[in-house]
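Q: Just passing along the structure, written as structure tokens.
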């Protein structure tokens, strides 16, 4: 059923009051993941002249015009007043519009699409206030808005709860690793050490070319670095490539079950995940593949070790200051780390596999809640 829509301009009013008296008001930023937050400001910002900063009263919205396209928008719930950079736009909403309802709309797919369409072509793709006011939102009574919000909020809480459970399982694995082996680089327990090339059957770089993707289910998949998370691959988000592209991309080595994908460049470098499915899969860009020698090195042991902070810090030595930090395959081959007896490593593998079984049920509940949330966001705002 087609929804009646109304211009946002009927509900929102720009608010441009500055901190002219240079009062000691908390300085905030707005991010996509955290909303209003303070952690991005250091002592230098806290001590500078803030007379041009804009005041955001409780219940008012703020967004950076060049960042709202990635979801950096929120309404202020932290204090009676906070201040934000002069670059931000601040606005209030009328009593006929629930703040959280508008928040969900601006975060929805249709809301993001409207933001992109309105701001496209402007300076730095900025969304000005008059552009925001031209956007349309489904017209509902305040009570109907609150009912939508209550359901979405409940699903968000369920999603957060399941994510916290998964995070606790991950922390349990890390704690068990430290208990059994200590730090993989500092080696305070005095284990034997090996260069990784001596602990692996192969360590190969990815092809230095952009994969040709296809919408068709060819049976041949390609792992982008964006779906590589610590100790796991997001298989549901993997994309397909033609068979000839697959053949080209596995010439150095065909990825097998138990091999480890390691991101080596870009914003998400230094993340390791085990290939835990028997399928035709190839590497995308900015990654490398390690194939552990099971007589010397267990996949689960190596994966958790490579995801440790000390491993990444040491792997990055010598590349600080680079505009695009990256880890060389040669450095990983020569990287010397602890190599405890394989029997002990296998005990750790058994532990991680037991934890993974527990995580499966939690992940299913998370996926179910996320699917319902996404569906309702489309139903309410699409």
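Numbering (the UniProt record's numbering), first residue to last: 1 to 382. Virtual Cβ for every residue (Gly too), placed ideally from N, Cα, C. Please read these numbers as outputs of a predicted model, since none were measured by experiment.
Taking the alpha-carbon positions, what's the residue 364 to residue 357 distance?
A: Their backbone Cα atoms lie some 11 Å apart in a straight line.
Q: Please classify residue 60 as buried or exposed, where buried requires at least 16 other C-beta atoms within 10 Å of its C-beta.
A: Residue 60 should be labelled buried.
Q: When you compare each of 78, 279 and 53 to residue 17 by their alpha carbons, which one comes out closest?
A: Of the candidates 78, 279 and 53, the one whose C-alpha sits nearest the C-alpha of residue 17 is 53.
Q: Report yes if the C-beta distance between residue 253 and residue 289 is below 9 Å; otherwise report no.
A: Yes, the Cβ-Cβ distance between residue 253 and residue 289 is below 9 Å.
Q: May I ask you to report which of helix, strand or coil DSSP gives residue 157?
A: Looking at residue 157 - three-state DSSP - the assignment turns out to be helix.
Q: Let me confirm a value: residue 249 is counted as buried when at least 16 other C-beta atoms fall within 10 Å, else exposed. Which label applies?
A: Counting Cβ neighbours within 10 Å, residue 249 comes out buried, since at least 16 surround it.
Q: Between residue 267 and the rest of its own chain, which residues show a CB-CB distance below 8 Å, the 5 nearest in sequence each way excluded?
A: If we look at residue 267 and ignore the five residues flanking it on each side, it has no Cβ neighbours.
Q: Give the DSSP-derived three-state secondary structure of residue 368 in the structure shown.
A: Three-state result, residue 368: helix.
Q: Provide the residue span of the alpha helix (DSSP H) that contains residue 289, from first to last.
A: Segment 287-292 is the beta strand (DSSP E) holding residue 289; no alpha helix (DSSP H) there.
Q: Buried or exposed for residue 118, please, with buried defined as at least 16 other CB atoms from any protein chain shown within 10 angstroms of its CB.
A: Answer is buried; the Cβ neighbour count reaches 16.
Q: Taking contact to mean 3 or more Cβ pairs, one atom from each stretch, closer than 8 Å, check whether the stretch 337-353 and the stretch 164-182 are in contact.
A: Because the criterion of three Cβ pairs below 8 Å is met, the stretch 337-353 and the stretch 164-182 touch.
Q: Nearest CA to the CA of residue 223: which residue from 168, 280 and 74?
A: Cα-wise, what sits closest to residue 223 is 280.
Q: Below 8 Å on the Cβ atoms is my guess for residue 406 versus residue 206; work out the distance and round it to an integer in Å.
A: The structure shown does not extend to residue 406, since the chain is modelled only from 1 through 382, so no value can be given for it.
Q: DSSP state of residue 295, grouped into three classes?
A: Coil at residue 295, not helix or strand.
Q: On the three-state DSSP scale, how would you describe residue 21?
A: In this structure, residue 21 counts as coil in the three-state DSSP scheme.
Q: From the DSSP output, in three-state form, read off residue 349 for me.
A: Here residue 349 sits in helix by DSSP.
Q: Mapping the DSSP letters down to three states, classify residue 8 as helix, strand or coil.
A: Looking at residue 8 - three-state DSSP - the assignment turns out to be helix.
Q: To the nearest angstrom, how far is the alpha carbon of residue 114 from that of residue 377?
A: Their backbone Cα atoms lie some 15 Å apart in a straight line.
Q: Per DSSP, what kind of secondary structure is residue 125 in: helix, strand or coil?
A: Three-state DSSP puts residue 125 in a helix.
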